[in-house]
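Under this note's numbering, read the sequence shown as residues 532 to 900, first letter to last.
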Amino acid sequence: MKLTGVELRTIQVPLVTPFRTSFGTETVREALVVRAVTDEAEGWGECGAGTAPLYSAEYTHAAADVLTRHLVPALAGVAGGLEAHQVAPALAEFKGHRMAKAALETAVLDAGLRARGVSFGQALGAVRDRVPCGVSVGITGTLPELLDTVGGYLGDGYRRIKLKIEPGWDIEPVRAVRERFGDIPLQVDANTAYSRADARHLAGLDPFGLLLLEQPLAEDDLLGHAELARQLSTPICLDESIVSARAAADAIAMGACQVVNIKPGRVGGYLEAKRIHDVCAAHDVPVWCGGMLETGLGRAANVALAALPGFTLPGDTSASDRYYRTDLTPPFRLEDGHLAVPTGPGLGVSPIAEVLDEVTTATAWLPLP
Ligand code: OSB
Ligand code: MG
């Protein structure tokens, strides 16, 4: 396959409800959409980075810059035809920027799979044709609003609720949801908002029988997570800390987590995400698919990944209407609490040209020699 060029589009899509986490409130999803054009087919990738470096060091402008100056030009140096497995090695000399790398690798992978008529699910090793879905509930600020929101999602059929927490919004919201909705599958995500000194406070979550506590401490604090895990009965799940298969293996060996959130962008792409799945499966560590408020493009690939055998917990793979009034692709709809794994070649979905044009705020075409 010969890569002839890459198109980068910055998109801005309004969210149906503002999404508040411990690191800020998003009302518009900004993302980068990568289109890889080859002599055989074209493919798409979505970059999970947001407007500002608040979740991780990456952000949209930086992703566009590193793709333009370094990552896309580096693919011109790959001898012979380009296939997806050659992308990560070709980009390895550049430190970090995993979400930017992931978007480029995904676009090349999608092009290759479309050319061969193979779906993402088939390529990654999916064993299910639909996946159970959870939903990530932002910080609402008042308990009545939270209970309304959670009740609405349960009414939609979501199989698991995740509450965003931060100091001052943790024990009471969990208690309120448990009191109102009983023994539903419930978990919380702190996005690094706590410190080691909060161990006793966080132990206050233990009586509520949560599935897991996601990323309470800093990204680079594996030892702190291991110490915390010994003090809590609530299982610890890592998100931000798991940037590679090696990081996953190390965290498991240290006892820093009992569950892993696999987010393909955070780890550099779907091929590394699959390796993390395999590492976790070898250690009997359950995994689930995280999300970055993706449009239908990123969602299609995430749903395929979530159909692998080790994904034994519902993911943050919610339906299109949980995020967007109009999705970039035909909408993903929740049916009986599940999303169907796309079966068409590659991602199995493509952007609707008029919708994509409408949300695009900047475009760049990067030709390859
Ligand atoms: O930590 O999982 C997270 C969204 C943006 C950045 C980080 C996170 C999230 C979510 C939403 O929790 C998951 C989704 O529905 O895509
Ligand atoms: Mg998280």
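The C-beta atom is built at its ideal place from N, Cα and C for all residues, glycine as well.
Treat the numbers as computed from the prediction; the structure is a model and nothing was measured.
- Query: Got a sec: does the ligand MG put a non-hydrogen atom nearer than 6 angstroms to the Cβ of Glu745?
  - Reply: yes
- Query: Can we count Asp720 as close to the ligand MG, meaning its CB is less than 6 angstroms from some heavy atom?
  - Reply: yes
- Query: If you draw a straight line from the C-alpha of Arg659 to the C-alpha of Ala831, how long is it?
  - Reply: 14 angstroms
- Item | Check whether Ala607 and Ala621 have beta carbons under 7 angstroms apart | no
- Message: Measuring CB atoms only, is the region 806-816 touching the region 632-640, in the sense that at least three cross pairs come out at less than 8 angstroms?
- Response: no
- Hey, how far is the Cα of Gly799 from the Cα of Ser775? 8 angstroms
- Could you tell me the boundaries of the beta strand (DSSP E) in which Cys948 lies? With the chain covering 532 to 900 only, the question about residue 948 has no answer from this structure.
- Query: Is Glu571 near Met532, with beta carbons less than 7 angstroms apart?
  - Reply: yes
- Message: Applying the 10 Å Cβ sphere with the 16-neighbour rule, what's the burial state of Thr575?
- Response: Before going further, note that residue 575 is Trp rather than Thr in the sequence given. So Trp575 ends up on the buried side.
- Considering only residues of the region 753-785, which uninterrupted beta strand (DSSP E) runs meet the minimum length of 3 residues and lie entirely inside it, listed in chain order? 767-769
- Query: Considering only C-alpha positions, which residue in the set Asp847, Asp815 and Asp770 is nearest to Ala501?
  - Reply: Within the shown structure, residues of the chain are numbered from 532 to 900, placing residue 501 beyond reach of any answer.
- Go ahead and pull the three-state DSSP assignment for Ser851. helix
- Message: Please determine whether the Cβ atom of Asp770 lies at a distance below 6 angstroms from any heavy atom of the ligand MG.
- Response: yes
- When you compare only the Cα positions, how much space is there between Val649 and Gly875? 7 angstroms
- Message: In whole angstroms, give me the CA-to-CA distance for Val681 and Val668.
- Response: 7 angstroms
- Item | Span separating the alpha-carbon of Leu744 from that of Phe550 | 19 angstroms
- Distance cut-off 6 angstroms: Met532 Cβ against heavy atoms of the ligand OSB: no
- Item | Residues bridged to Gly902 [DSSP beta-bridge criterion] | The requested residue 902 is not part of the displayed model; the chain covers only 532 to 900.
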